[in-house]
Amino acid sequence: MIVLAENFVHLNVHTEYSLLNNYNPMEKLINKAIELKFKAMAITDYNNMYGVIDFYKRCKKANIKPIIGSEITIKYKNNKFYNVILLAKNNKGYKNLCKLVSNLYVVEDRDKTFITFDELLKFSSNLILIFGSRRSFLYDCVINNNLEMARAEILNFKNIFNKEDLFLELNFHFESNDEKNINTYLKLSSENNINTVVTNDVHYVDGSCFNLFNIARCIDKGIEISELKDEYFTKAEYYLKSEEEMLKIFSQLKQSINNTKYIADRCNVDFDFKTYHLPEYTVPDGFTTKEDFLYSLVQNGVKKRYPKLTDEIRKRIKYELTIINKMGFTDYFLIVWDFINFAIENKISVGPGRGSGASSIVAYCLYITDIDPIKYDLIFERFLNPERISMPDFDIDFCNERREEVINYVINKYGKDRVSQIVTFGTIKPRVGIRDIARVLGYKLVLVDKIAKLIPINSINFKQALDSSKELKSLYDNDIEIKKMINIAEKFENIKRHISIHAAGIVITKEPLTNYVPLCRSSSNILTQYNMIELEELGLLKIDFLGLRTLTVIDDTINLIKKDYGKLIDIKNIDLNDKNVLKLFKTAETIGVFQFESVGMRLFLKDLDAKDFDELILANSIFRPGPMNQIPNYIKNKNNPNNINYLDSRIAKYLKNTYGIIVYQEQVMQIARELAGYSWGQADNLRKAIGKKNMSIMEHNRKIFIYGLDDISGNIKIKGCIRNGVNEDLAKKIFNLIIEFGNYAFNKSHSACYTLNAFRTAYLKCYYPLEFMCSLLNSVVNFENQFFKYFQEAKRIKIKFLLPDINKSFYKLIIDKKNIRLGFSNIKSLNKILCTEIIQERKKGEFKSFIDFLNRCKNLKNLNLLSVENFIKAGAFDSISKSRNELLSSYQELFKQIVSKSKFEISGQLSLINSENVEKKDLNLKKFTKNEILEFEKDVLGFYLSSHPLEAYKNYIKKENAISLSKLKTLKKGIYEIIVYVNSIKIRKNKKNKLVKTINVEDFSTSMDLLDIKNLEIKKSQVVKLFVNVTENYYGSTHFSISNFTDIDNIFSKKLYVKVKELNFEIKEKILEISKKYNGYNSIYIYIESDNRTIELDISIDLRNKELIEYLYKNFEKNNIKIV
């Protein structure tokens, strides 16, 4: 029997997770529901459950009962698609709803999003179905007066659902057919003994949002608002109406109103955020329990890790295993061990660890991590705290190029139905938002571009953008249309726009995924519909499988070493205090070394003078925003250790290695344990509380730290400093110290792991620089700025480069006779498939000439004029052609004759143009200058290789003692002279939205941007001497601005002409004397009247010297001297 109730409940609500099919931001929706005093509300997004957990948590917090559902599309026999609403009655119904929603996406060979009636029948248990909206088949039947078909539709659903779980939906949005439909539906309800329920088809928060709703749909469709043709949502009635409004509209249908409460009362889905659902690891034969198997693996590993076992090691292993097994994470460790073991056995490089996982000796013995937690004083509770139950979290780095192999192994082991990648959501940010809104409202592109470019790149909202940009604020205040545009765009800030794939996260479940979460698809990838945080809240196992480029570089380097020297480097067992490698850090030659290559870090390394690997761990921890401010104190204390005040001698042992500075989170835990009697678990809780920076929480912890904590029976839980013999004032000082430093203290475990990565790369750079730099360059071949930086570094350490060669290069860079030869991948606009095909053709024999290349490759699909042009400009044909100049002048005609003709020939007919005939043909050759050819080279490679614009100035640069750009980057305050080539000039807006002029310059060592705050008349392609003012904040924020410049081209372009009657011995001696005394870079020309000819002498002088000019006038008379 249906229980009558007065309250109305919304059962048809679409949130922002319907992705631009509505305007219902979740926060505004819930706030509106609170305002309207609703006690329950449903979520029924279109064909998804993306927002279910977000909705559930917000509703629970607001004391609103969440009803979990979705509006789902069903495919009918007539190949048409219609929608119904499904609501979960309980957790079993939730599972079935997950399966149905997942089937919308995961079933293969479907070109649309739908389920079938068979699937609905299979998973209908514990679900309530509501049908009859304007998107339903029933509605189509009724408006077309096909009542027989309507009755058949009702019968169809009655055969699947019980009477109490099936409802006819009554809508009234003041649309043209609404009243007629309701009357017909009521008739059908009576005839077929089926219940009715009232809904409002909610798509926006209130009636004022109707226009925003239409704009959202236009953004989704990519159309202007004027193009929106809609016979469905014609009235502003599809909002979250109050109970009073709904009762007024349906005043004659009290039972249908009461049925909303009846349905709501029967829908009781509860999410368990406390239980973990870890997969169960199947142990091999011979082991009775998983605990036994884990113990066995650890015992095998400890023998390899620690040739000499100590009591400390045994106790630590026993303690950790006890905690792991007691907390129920045995399976977790075995699962992680298993896929890492697969990677190791298949020679897939695994990182030494990341995060707090490296603090576990069990993980170290299982080879999950490579850092010895005993040696480096790492605390297990930082990873797994027995006093705060939370899932451990191993994030694993793999070789970038083979990460997918490990993921596929996991999928095959646990099943496709139990392993998935994870969804993330793209949201609307100010720059994108303004473009979306402007396009929908039909504003001109020029205006839109102007406004978008005025929005600072890092702005998270329009308020911040308007505060940061005076010009934008002025337009906003003075232009009504722009103000309107921005105000509308502001309404869409952070609205969910689209889905994408989490970069690394993988979820593994005990049962099929759809027992826990709904799934969706992005391209060919299956994803969970819940994000990473929500999955963890549901107790599911989430592991980050990260691809780390550095591991690929290490692997590639080791392979090259094996190829070149026939030996295999055991990179995991190198000496971590190798003096030569430490010297590389001390001298800051760390470009290319993982996490130690920034300018600021290199400046710090020079001051640090690291004595061992442990101090490098510190460097990696302290060189970050926040702790960076303590670097001067650290250096001062290191140089004067006797002046350090540890406040209490008991904490000196923890701070000794960091010279009195709290650098690590682990030190905070050690101090709390030593002075205040915290357990390790309690100390970790304190560490976490400090990180939250909540003042009330900190004050609570301050009292505990100083005075201790007792339970209700008076038993001591935490002793506190005073009861531990620490003076109260001193205890307060120490706690203040903990707060001051603890706010930015870093996880030592993570720093140790990543410093190990750094040391390994530094080792390879130190001992095998050629192989390392080749591998490093290959890893960044698609990132021009990074590539150029490493290219310059390789040249600095005397590595020579060879141009790409059509007969010798491969796709990647290779080592060629102790040099690095560029690959085809270095040449812009080349298709990888084309390069592979050319290499394949070359296996039949080297290309003998350019025409031979064209003839043999003319049928390659991806060969076009641009690719041939870029090969030439890069110098790839230099070894088989007379000159690059000749090819640049003739390649278009040759391509036309050979390749273009071939592509239009009938299949099967061959046309081999005789090379002699082509070469003899009189081609109209255009000549290019040396500088033009050099610029072509840079255009396609991104840098100069065969020569450099500064080549002619080498001696001048040396004589002037100009410093290199690479040296400039490492200098502190001062004004320095550099001689450089001007690559480009850009005017842009900075973070404060002010116009900034930037000059990009380069020399033989590197390139860099310099600020031109004086707006000097420097031009592109000039060779100039710059006076650069260097200002800096300590280690990091270094600024380089140009204070003045000299045009070197003007100096070099000047020539001296001397007129003489005849060139006799006396004149020759005079000129020779001048060149010795005033040696420089300007050419001397002698005009000999008697012969009426001009000759250039093989000597040069410095025409800037005023003394020289006076000497010339005195010895040759002013009328016979001319400077041009």
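Counting from 103, one number per residue, gives the positions in the sequence shown under the working numbering.
Think of the CB as a built atom: it goes at the ideal place given N, C-alpha and C, for glycine as much as any other residue.
If you're wondering where the values come from, they're calculated on a predicted model, not measured in any experiment.
Residue burial is scored here from C-beta neighbours: V1226 has fewer than 16 other C-beta atoms within 10 angstroms and is therefore classed as exposed. When M151, I836, N817 and K167 are compared, the shortest CA-CA separation from N803 is found for I836.
In the three-state scheme derived from DSSP, where H, G and I count as helix and E and B as strand, I187 is classed as strand. A straight line joining the alpha-carbon of Y1159 with that of Q697 spans about 57 Å. Between the segment 170 to 180 and the segment 654 to 672, the count of Cβ pairs shorter than 8 Å is below three; the stretches do not touch. Shown here for I284: same chain residues with a beta carbon closer than 6 Å to its own, the five before and five after excluded, namely L272 in chain order.
When secondary structure is reduced to three states using DSSP, V1160 falls in the strand class.
A contact between stretches requires three or more CB pairs, one per stretch, nearer than 8 Å, and the segment 1144 to 1152 meets this requirement with the segment 1119 to 1130. Shown here, Q523 sits in a strand according to DSSP, grouped into three states. The way I'd put it, the segment 179 to 186 doesn't touch the segment 584 to 597; fewer than three beta-carbon pairs between them come closer than 8 Å. Taking all protein chains shown into account, P409 has fewer than 16 neighbouring C-beta atoms within 10 Å of its C-beta and is therefore exposed.
Separation of C876 and E638 (C-alpha to C-alpha, rounded to the nearest whole angstrom) is 41 Å.
Counting only residues of its own chain and dropping the five nearest sequence neighbours on each side, F269 has a CB closer than 6 Å to the CB of I232, N297 and V299.
Short of 7 Å from the beta carbon of Q631, and not among the five residues preceding or following it, lie these beta carbons of its own chain, in chain order: N150, M151, Y152, V525, V619, P620, L621 and C622. Under DSSP, E271 forms a beta bridge with V299.
Residues of the same chain with a CB within less than 7 Å of the CB of F259, apart from the 5 flanking positions on each side, are L231, F233 and L268 in chain order. Contact between the segment 913 to 928 and the segment 690 to 707 is not established, with fewer than three Cβ pairs separated by less than 8 Å.
Taking the CA atoms as reference points, G783 sits about 13 Å from E422. DSSP places F715 within a helical segment (H, G or I) once states are collapsed to three. For K1029, the CB contacts under 8 Å within the same chain, skipping 5 residues up- and downstream, are N987 and S991 in chain order. By the C-beta criterion, the segment 1155 to 1169 is judged to be in contact with the segment 1201 to 1219, since at least 3 inter-stretch pairs fall below 8 Å.
Nearest to L486 by C-alpha distance, out of K790, D538, A135 and Y756, is K790. Residue burial annotation: F885 is exposed, with fewer than 16 other C-beta atoms found within 10 angstroms of its C-beta. Here DSSP, grouped into helix, strand and coil, assigns A605 to strand. Between the C-alpha atoms of L223 and N928 there is a straight-line separation of about 58 Å. Comparing alpha carbon positions, the residue from I481, L1067, F274 and I764 closest to L355 is F274.
DSSP places V452 within a strand segment (E or B) once states are collapsed to three. Straight-line measurement puts the Cα of L905 at about 12 Å from the Cα of V1042. For G171, there is no enclosing alpha helix (DSSP H); the enclosing beta strand (DSSP E) has its first and last residue at K167 to K177. Rounded to whole angstroms, L1073 and F903 show a C-alpha spacing of 28 Å. The shortest CA-to-CA distance from E221 to any of L202, R237, R212 and Y196 is the one to L202. The Cβ atoms of F496 and I473 do not sit closer than 8 Å to each other. According to the DSSP assignment, F1038 belongs to the alpha helix (DSSP H) that extends over K1032 to L1043.
Per DSSP, the unbroken beta strand (DSSP E) holding M143 starts and ends at A142 to I145.
8 Å or more divides the Cβ of V1103 from the Cβ of V1132. Sequence-distant Cβ neighbours of L113 in its own chain, meaning closer than 8 Å and more than five residues away, are A144, T146, I169, G171, I187, L189, I232, V299, T301, T362, I365 and A366.
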